[in-house]
Every structure is written in structure tokens, then in C-alpha cells.
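The block underneath contains the structure these notes are about, expressed in C-alpha cells.
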Amino acid sequence: MASKNTSHCGALSYFAERATRQGAIAIVMTQTDTCVAPYGGAERFLGTNPLAFGFPVKDEAPMIVDMATSAVAFGKILHAKETGQPVGEGLALDKEGNVTTDPHKIENLLPFGKHKGSGIALAIDALTGILMGANFGNHIVRMYGDYDKMRKLASLVIAIDPDKLGNAFFAATMKTMRDELRAVRPVPGVEKVLAPNDPQMAYKAKCQREGIPVAEGIYQYLTSEN
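Sequential numbering of the sequence shown, starting at 173, is according to the working numbering.
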């Protein structure tokens, strides 16, 4: 399934998880407006262009792999600005093209894995915007600033039914694979090897018990009378 002429679609994991509830494998991708410098570049040309995979697991939560193709998600930069915390080394550039950890000086993000993330981000732009006759790269309307213009983003969702490929045991085998992954001997200093989606499920459970944490600045804004 493909879509275009849309705006922010939210977390791709939501759509991937919905497919897994029907026993399907999901591959989901979308383009975004640019805020990432391509490998070797000092200027923005790529979006964070996230990609997600969803796999049903027998009798358990699905295994979800959901990631931006930038070295860090843009939302985490906004959170760092709000909380005054520095970002990690090698994640972003200032306006001169120098690596910076100061969230207030960040002009562009870097792709994950250098040329690898840069190439995957380009591929996602091609499979969404270009394939569907929408915009790509710096032709995409920016999320912040041009509020009177439609963003017209394009997304792609691929659902695969394992049964149609003659595999009636996919979800059960996925459970075996995840169990074996978790049983891998960890390196010193790591308590346990985690599977994709394990940290997210643990965080969800914690929020359900204790509530969802909100940055002080956001709380004050939401509760103000203005």
C-alpha cells in the first residue's frame, strides 16, 4: 500500500504492529523533510526517512525494528533542547559543517553508519516520493515554518502473509529465534542481550505503572492559560 499528499504519520511501529496482529510481516517506510546531511556533505539533503519492520511472534508481543536513517531521531534533538542536555558525539553538525554536541547549535543531523545510512535514506526517498510522483529531498515542504503549504509526504507499507508463502510456522519460529537471541552470552558490563522492541515494551510497562514523563517546559506550556 502506498500513500501521498500526507503530513506527519507518527511512529511507523504503530502500523507495523497492526500488521503483525493479523499474522503478517510488515515493512514500512516514509520520507520526511530534510534535516540530514548526506555522507561527506555539510548541507541538508536527506530526511530522517525512517524504516520499520514488524514480525509476529507466537503468543508474545511482536518483534518491531523501527529506526530513523539519521544517527539520532530528530525528536531526541528537540528533547535535548528542552532539557538542556548535550547530544552524543558524531550525531550532528553546526551550520559550518562541524560536529557538535550542543543541541542549540545543531543545524543538520548525520546519517547512521556514514555512507550506509545515507544510501538507505536515499533509497527510501526513491521508494516513496519519487516512485509515487511526490517530492523528494529539499523539494519537500518543511514541517516547521511553511504552515500554509501542504507537505505532501509519501509513504510505503508492504505486508507479507507467511501463509501465502507456505510457511505456517513463521510466528513460532520467530519466537525460537528471539529466545535464542536473548540467550546469547553478553559482553562484560551488559546484563542481558535484548531483542528489538524489548526496551520499548519495558518502557511501556513502566509508563503504565508510573505514568508518562513529560519535560518541565512542556508541562508548563500545556498547563498555562495562554
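Even for Gly, the Cβ is constructed at its ideal location relative to N, Cα and C.
Among the options, nearest to residue i - alpha-carbon criterion
i	options	result
Ile199	Val208, Ala209, Phe217, Leu223	Leu223
Ala306	Val237, Glu189, Leu325	Leu325
Glu279	Gly301, Thr206, Gly256, Leu299	Thr206
Phe187	Phe225, Phe246, Tyr319, Asp274	Phe225
CB of residue i within 9 Å of CB of residue j, strictly
i	j	result
His287	Ala387	no
Gly195	Pro334	yes
Ile312	Gly219	yes
Gln380	Gly301	no
Ala243	Gly289	yes
Met201	Ile296	yes
Arg354	Leu366	yes
Arg350	Val229	yes
Short CB-CB distance (under 9 Å) between residue i and chain B
i	result
Lys267	The structure shown contains no chain B; it holds only a single protein chain.
Extent of the continuous beta strand (DSSP E) run through residue i
i	result
Ile332	325–332
Ser179	Careful: Ser179 lies outside any beta strand (DSSP E) and carries neither H nor E.
Ile236	235–239
Cα-Cα separation, residue i to residue j
i	j	result
Val362	Met239	22 Å
Leu263	Ala344	38 Å
Ala183	Pro360	33 Å
Glu189	Lys277	36 Å
Pro385	Lys347	31 Å
Thr330	Met173	The sequence shown places Ile at residue 330, rather than the Thr named in the question. Whole-angstrom Cα-Cα distance: 6 Å.
Tyr211	Ser396	43 Å
Thr241	Arg216	14 Å
Gly213	Val259	20 Å
Opening and closing residue of the alpha helix (DSSP H) in which residue i lies
i	result
Leu184	184–193
Ile296	287–297
Thr202	Careful: Thr202 lies outside any alpha helix (DSSP H), inside the beta strand (DSSP E) at 197–202.
Leu223	Segment 223–227 is the beta strand (DSSP E) holding Leu223; no alpha helix (DSSP H) there.
Thr345	342–354
Any non-hydrogen atom of the ligand HEM within 8 Å of residue i CB
i	result
Thr204	Although the ligand HEM was asked about, the structure shown includes no ligands whatsoever.
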